[in-house]
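Colleague:
Residue numbers (the numbering used here): 649 to 821.
1. Please state the DSSP three-state secondary structure of residue 770.
2. With the cut-off set at 7 angstroms, would you say residue 746 and residue 754 are in Cβ contact?
3. For residue 721, which option in 714, 737, 698 has the closest C-alpha, if you only look at C-alpha atoms?
4. Let me know if residue 689 comes out buried or exposed under the rule of 16 or more other beta-carbons within 10 Å of its beta-carbon.
5. Using 8 angstroms as the Cβ pair cut-off and three pairs as the minimum, do the region 679–688 and the region 652–669 touch?
6. Residue 653 and residue 723 - do their beta-carbons sit closer together than 7 angstroms?
7. Between which two residues does the beta strand (DSSP E) harbouring residue 719 extend?
8. Which of the three DSSP states is assigned to residue 682 in this structure?
9. State the DSSP-derived secondary structure class of residue 695, mapped to helix, strand or coil.
10. Do residue 656 and residue 741 have their C-beta atoms closer together than 7 angstroms?
11. With DSSP as the reference, please indicate the residues paired to residue 805 in a beta bridge.
12. Determine the closest residue to residue 728 out of 700, 659, 750, 680, with distance taken between C-alpha atoms.
Have a look at this one:
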């Protein structure tokens, strides 16, 4: 039984499709390489898309009755493990199989995969820049909300002026 939530099932589908393609391409003598390629492709897919899908689109909702803030966010898991961490597991299995075949290729591949993980953290902007941008965006939200309120007031006054009036009050009784 496969347990998933959200788009976690896509990791299994990518695994099966890639395995089917690689087994049909490679001969039986090189069958280990089909499993290695399958593990790496599935690992990279799960790492990239899991990180993208699980970290975006957080929504904070305020409950009207209890006035508590609820955080609703995406949850894409496979066997209760978030997709991006399944990518690490698949890649680790690929490295283990690769080390069984060739130690040199295993070491090279390990360094390449570690570079994929470490380089994005190095490239990220410092936290101070991120904080200034969030405060700037919050100020924009406040300004935008006051502008929206003033526009709504103008629209309401215009609607009141354009409402049809009772003309019978001008007629003689």
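Glycine included, each C-beta is placed from N, C-alpha and C at the ideal position.
These figures come from a predicted structure and were not determined experimentally.
Modeller: Taking the coordinates as given:
1. In this structure, residue 770 counts as helix in the three-state DSSP scheme.
2. yes
3. When each option's Cα is compared against that of residue 721, the closest is 698.
4. buried
5. yes
6. yes
7. 717–720
8. helix
9. helix
10. no
11. The partner list for residue 805 (beta bridge, DSSP) is empty, contrary to what the question assumes.
12. 659
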